[in-house]
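Take 1 as the starting number for the sequence shown in my numbering and just add one per residue. Structure first, then comments.
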Amino acid sequence: VWVSGSLGGSAAALATWLKGMEPDLQLLERFVTPPDRVPLGVALAAAGLARAMIDISDGLVSDARRVADASGVMIRIDTAAVPVAAGAGDLNLALEGGEDYELMFTAPAGAGSRIRALGQEMAVTLTRIGRVEEGTGVVLRDPRGRRTVPGRGGYDHFARTDTGGAR
1 VWVSGSLGGS AAALATWLKG MEPDLQLLER FVTPPDRVPL GVALAAAGLA
51 RAMIDISDGL VSDARRVADA SGVMIRIDTA AVPVAAGAGD LNLALEGGED
101 YELMFTAPAG AGSRIRALGQ EMAVTLTRIG RVEEGTGVVL RDPRGRRTVP
151 GRGGYDHFAR TDTGGAR
């Protein structure tokens, strides 16, 4: 399991605004001008390096769960490997914040060097953050090897709120 770029920057900018403060320029840029990863997605698919792919718009955990559920597998995310955006500082924002618009994709075993080469060619950092395993859903593995099942987290377009609308 791989991701492009870094995560949590857009959510950190929004969290800063909601506290009544101005986010720093780097975080503001992540929120206002998300990256265009369509060319990367096309290149990964054309090279046969992506088996499944999704844009991380609703949070890494939420979008990883969508891929896992659709594929009938479990996705393990190694939390120490998740690339947290500079200035975001919070792993939870990288895991559950949204609107990063980076890509998460699964790739064939042994494709790491080809994936890294493509990332260099396209000037995009690509980071391996986990693996596909037997099972269902998403599991987080911390640096000590402990596994936890994350809460729902992220944004759910179909969740109902107390007022009956989507949240």
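Ideal Cβ positions, reconstructed from N, Cα and C, are used throughout, including at glycine.
{"Asked": "Could you check whether the region 45-58 touches the region 134-145, counting it as contact only if at least three pairs of C-beta atoms, one from each stretch, sit closer than 8 angstroms?", "Found": "no"}
{"Asked": "Go to S57, then tell me how far its alpha helix (DSSP H) extends in each direction, as first and last residue.", "Found": "Careful: S57 lies outside any alpha helix (DSSP H) and carries neither H nor E."}
{"Asked": "Leaving out five residues on either side along the sequence, give the residues of the same chain with a beta carbon under 7 angstroms from the beta carbon of V170.", "Found": "The structure shown does not extend to residue 170, since the chain is modelled only from 1 to 167, so the question has no answer here."}
{"Asked": "Would the beta-carbon of G119 be found less than 7 angstroms away from any heavy atom of the ligand PLP?", "Found": "You won't find the ligand PLP in this model; it holds no ligand whatsoever."}
{"Asked": "What span of residues does the beta strand (DSSP E) with T127 cover, start to end?", "Found": "126-128"}
{"Asked": "Tell me the DSSP secondary structure of L25 in three-state form.", "Found": "helix"}
{"Asked": "Where F31 and M104 are concerned, what is the direct C-alpha to C-alpha distance, given to the nearest angstrom?", "Found": "18 angstroms"}
{"Asked": "Whole angstroms are fine: how far does the CA of R65 sit from the CA of P143?", "Found": "21 angstroms"}
{"Asked": "Does the distance from the CB of V84 to the CB of G8 come in under 8 angstroms?", "Found": "yes"}
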